[in-house]
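If you read the sequence shown in our numbering, its first letter stands for residue 13, the second for the next number, and so on. Below you'll find the structure, written out as structure tokens, and then a few comments.
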Amino acid sequence: MYIGRLGDGSDLDDGIYVLLKEVIDNSIDEFITGHGRKVEVEIDGNNVRARDFGSGIPLGKLVECVSVINTGAKYNDDVYQFSVGLNGVGTKAVNALSEKFRVVSYRGGQYAEALFERGDLIKETKKGKAPGESDGTLVEFRPDVEIFGEYGYNIEFVQRRLWNYACLNSGLALFLNGQKYESKRGLLDLLEREVGTDDTKVTYPPAHFRGERLEFAFTHVEGYGETYWSFVNGQYTSDGGTHQSAFREGMLKGVNEFYRKSYGGVDVRDGIAGAVSVGCCGVGVERCGKNNVVKLTMNLTKLSTDASQVLSTKLF
């Protein structure tokens, strides 16, 4: 698995945040498939704990699912067609790159548990009783200092990531050390958090559309250039990609169709602040780092057309 960089935790793209993300992504996938509406995350120093309330990992396959490549339910495209995780690869990488890694799966009043050190299985409980425990998965890990060197988690970085998760998954409640993150308005909440609602900075109330596989919100601010927060299958693509380009083209087309003009891109998009989220199967990412989506199997012309139609018929 490509985790981008090691780092010491001072940069949002440092590896310790990628490890955390891969664990949470599995919990998000549970929510997407209708299992569980809550994720609890705790960070104490360099120790991380994440508990979801999804379906849990099959008790007889717990060790395999967190240590053997190419195992896990996400290979069923019908179930996880909009998955944000890496087909189980992410959790296995977290295991391999952690000094200590503990996973517990709860199912039907029973549990299975496995403890690893630097990827080696130390202890396993194949099945035990867990009365009163809700179904789901608990993961605890501590990134290996021998690999990452001295590091520390910046809680503000983690807060931002959980807020993004909340805005992309309305109805899901996430908790970080007891603090709740939840969104009812999706990308509209995200955009207002990023640019604010001050009339002196925002030229008009943000426009917002939410469909089955496409959601976007945008406004114009007092400034120059274009600013976007783009996502594919819940994954933040900081470097944009074809989905973002399709949205930009669709916006220009929609404005021109509505006003029956031939404005240029700068005329329409200069000063724009927008957020766009696309759900689709078969996503290709640059170097597996997930920052830039370079290939989508969905019809990008259709995406652009859908965006332009929404802009010209529903928002203006």
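All C-beta atoms in this analysis are idealised placements derived from N, C-alpha and C, irrespective of residue type, glycine included. None of these values were measured; they are calculated from a predicted model.
Own chain residues within Cβ distance below 6 Å of L264, not counting five before or after = Locating residue 264 in the sequence shown gives position 252, counting from the first residue. Taken in chain order, the residues that qualify are G277, V280.
When burial is assigned at 16 or more other CB atoms within 10 Å of the CB, is E234 buried or exposed?
-> Translated into positions along the sequence shown, residue 234 becomes position 222. Exposed is the call here.
Please report how far the alpha carbon of V53 lies from the alpha carbon of F221, in whole angstroms.
-> Numbered from 1 along the sequence shown, position 41 holds the residue referred to as residue 53. Numbered from 1 along the sequence shown, position 209 holds the residue referred to as residue 221. Their backbone Cα atoms lie some 30 Å apart in a straight line.
Is DSSP giving F270 helix, strand or coil here?
-> Counting from one through the sequence shown, the residue named residue 270 turns up at place 258. Taken through DSSP and simplified to helix, strand or coil, F270 comes out as helix.
According to DSSP, is V80 helix, strand or coil?
-> Residue 80 sits at position 68 when you count from the first residue of the sequence shown. In the structure shown, V80 falls within a coil segment according to DSSP collapsed to helix, strand and coil.
Environment of G164 [buried if 16+ CB atoms lie within 10 Å] = For this step, residue 164 is matched to residue 152 along the sequence shown. Label assigned to G164: exposed.
With a CB to CB cut of under 8 Å and the five nearest residues on each side skipped, what residues in its chain are close to D20?
-> Here the question's residue 20 lines up with position 8 in the sequence shown. In its chain, beyond the 5 residues on either side, D26, F160, G161, E162, Y163, G164 have a beta carbon closer than 8 Å to the beta carbon of D20.
Exposed or buried, what is Y236 when buried is set at 16 or more other beta-carbons lying within 10 Å of its beta-carbon?
-> Reading the sequence shown from its first residue, position 224 is the one you call residue 236. Exposed, since its Cβ has fewer than 16 Cβ neighbours within 10 Å.
Scan the stretch 157 to 212 and note each continuous alpha helix (DSSP H) run of 4 residues or more that stays entirely inside, going in chain order.
-> The DSSP assignment places 157 to 160, 167 to 180, 199 to 207 as complete runs of the alpha helix (DSSP H) inside the stretch 157 to 212, in order along the chain (cut-off: 4 residues).
Tell me, to the nearest whole angstrom, how far the beta carbon of G252 is from that of Y240; I am working on the premise that it is less than 8 Å.
-> Your numbering for residue 252 matches position 240 in the sequence shown. Your numbering for residue 240 matches position 228 in the sequence shown. Contact between G252 and Y240 holds, since their C-beta atoms are separated by about 7 Å, short of 8 Å.
From the DSSP output, which residues share a beta bridge with L133?
-> Along the sequence shown, one-based indexing puts residue 133 at 121. Answer is F128, bridged to L133.
Just checking, does the stretch 166 to 179 make contact with the stretch 198 to 209 on the three C-beta pairs under 8 Å criterion?
-> By the criterion of at least three beta-carbon pairs nearer than 8 Å, the stretch 166 to 179 is in contact with the stretch 198 to 209.
What did DSSP end up calling D64 once you bin it into helix, strand or coil?
-> Against the sequence shown, residue 64 aligns to sequence position 52. Three-state result, D64: strand.
Name the one or two DSSP bridge partners that L18 has.
-> Translated into the one-based positions of the sequence shown, residue 18 becomes position 6. BP columns for L18 are empty, so no partner.
What separation, rounded to the nearest whole angstrom, lies between the Cα atoms of R299 and G16?
-> Here residue 299 is taken as the residue at index 287 of the sequence shown, counted from 1. Here residue 16 is taken as the residue at index 4 of the sequence shown, counted from 1. The pLDDT assigned to R299 is 45, lower than 50, so where the model puts this residue is not dependable; a value taken from the coordinates is nonetheless given after this. Their Cα atoms are separated by approximately 9 Å.
For the alpha helix (DSSP H) holding I44, just list the boundary residues, first then last.
-> Numbered from its first residue, the sequence shown carries residue 44 at position 32. Taken as a continuous stretch (DSSP letters only), the alpha helix (DSSP H) holding I44 covers 27 to 44.
Could you tell me if Q191 is buried or exposed, where buried requires 16 or more neighbouring beta carbons within 10 angstroms of its beta carbon?
-> In the sequence shown, counting from the first residue as 1, residue 191 sits at position 179. Label assigned to Q191: exposed.
Classify E227 as buried or exposed, calling it buried when 16 or more other Cβ atoms lie within 10 Å of its own Cβ.
-> Within the sequence shown, residue 227 is the residue found at index 215, counting from 1. With 16 or more other Cβ atoms from the protein chains shown falling within 10 Å of its own Cβ, E227 counts as buried.
According to the Cβ coordinates, are V51 and L186 closer than 8 Å?
-> Residue mapping note: residue 51 aligns to position 39 of the sequence shown, counting from 1. Residue mapping note: residue 186 aligns to position 174 of the sequence shown, counting from 1. Yes, these two residues count as a Cβ contact at 8 Å.
Distance, Cα to Cα, I55 vs R172?
-> Counting from 1 along the sequence shown, the entry for residue 55 is found at position 43. Counting from 1 along the sequence shown, the entry for residue 172 is found at position 160. Their backbone Cα atoms lie some 14 Å apart in a straight line.
Report the partner residues of P155 according to the DSSP bridge assignment.
-> The sequence position of residue 155 within the sequence shown is 143, counting from 1. DSSP, once it has assigned bridges, lists S110 as partnering P155.
In three-state terms, what does DSSP make of E261?
-> Taking the first residue of the sequence shown as 1, we reach residue 261 at position 249. Reduced to three states, the DSSP call for E261 is helix.
Which class does D279 belong to by DSSP, given the choice of helix, strand or coil?
-> Position 267 of the sequence shown, counted from the first residue, corresponds to residue 279. Helix.
Cβ-Cβ distance between D156 and S110 below 8 Å | For the purposes of this step, residue 156 is taken as residue 144 along the sequence shown, with counting starting at 1. For the purposes of this step, residue 110 is taken as residue 98 along the sequence shown, with counting starting at 1. Going by C-beta atoms, D156 is nearer than 8 Å to S110.
Count the C-beta pairs between the stretch 58 to 68 and the stretch 36 to 47 that are closer than 8 Å, then say yes if the count reaches three, no if not.
-> Under the three-pair Cβ rule at 8 Å, the stretch 58 to 68 counts as touching the stretch 36 to 47.
Going by C-alpha distance, which of G102, E76, A219, R114 is nearest I28?
-> Against the sequence shown, residue 28 aligns to sequence position 16. Cα-wise, what sits closest to I28 is G102.
For T249, three-class secondary structure by DSSP = Sequence index remark: in the sequence shown, residue 249 carries index 237 (1-based). Assigned with DSSP and collapsed to three states, T249 falls in coil, not helix or strand.
Could you have a look at V306 and say whether DSSP puts it in helix, strand or coil?
-> Here residue 306 corresponds to residue number 294 of the sequence shown, with the count starting at 1. With a pLDDT of only 43 at V306, under the threshold of 50, the placement of this residue in the model should not be trusted; the figure read from the coordinates follows. Assigned with DSSP and collapsed to three states, V306 falls in strand.
Quick one: grab the DSSP three-state call for T103.
-> If you number the sequence shown from 1, residue 103 lands on position 91. DSSP places T103 in helix when its eight states are reduced to three.
Look at the alpha carbon of S146 and the alpha carbon of Q122, and state the distance between them as a whole number of angstroms.
-> Translated into positions along the sequence shown, residue 146 becomes position 134. Translated into positions along the sequence shown, residue 122 becomes position 110. Their Cα atoms are separated by approximately 10 Å.
Express the C-alpha separation of S67 and T45 in angstroms, rounding to a whole number.
-> Translated into positions along the sequence shown, residue 45 becomes position 33. Translated into positions along the sequence shown, residue 67 becomes position 55. Distance between the alpha carbons of T45 and S67 is about 10 Å.
Assuming L174 contacts L188 (C-beta within less than 8 Å), just tell me the rounded distance between them.
-> For this step, residue 174 is matched to residue 162 along the sequence shown. For this step, residue 188 is matched to residue 176 along the sequence shown. Right, the Cβ-Cβ distance comes to about 5 Å (below 8 Å), so this counts as a contact.
When the Cα of G148 is compared with those of F243, P70, N268, which residue comes out closest?
-> Locating residue 148 in the sequence shown gives position 136, where the first residue counts as 1. Comparing Cα-Cα distances from G148 to each of F243, P70, N268, the minimum goes to P70.
Distance, Cα to Cα, T215 vs V170?
-> Here residue 215 refers to the residue found at position 203 when the sequence shown is read from its first residue. Here residue 170 refers to the residue found at position 158 when the sequence shown is read from its first residue. Straight-line spacing of the CA atoms in T215 and V170 works out to 30 Å.
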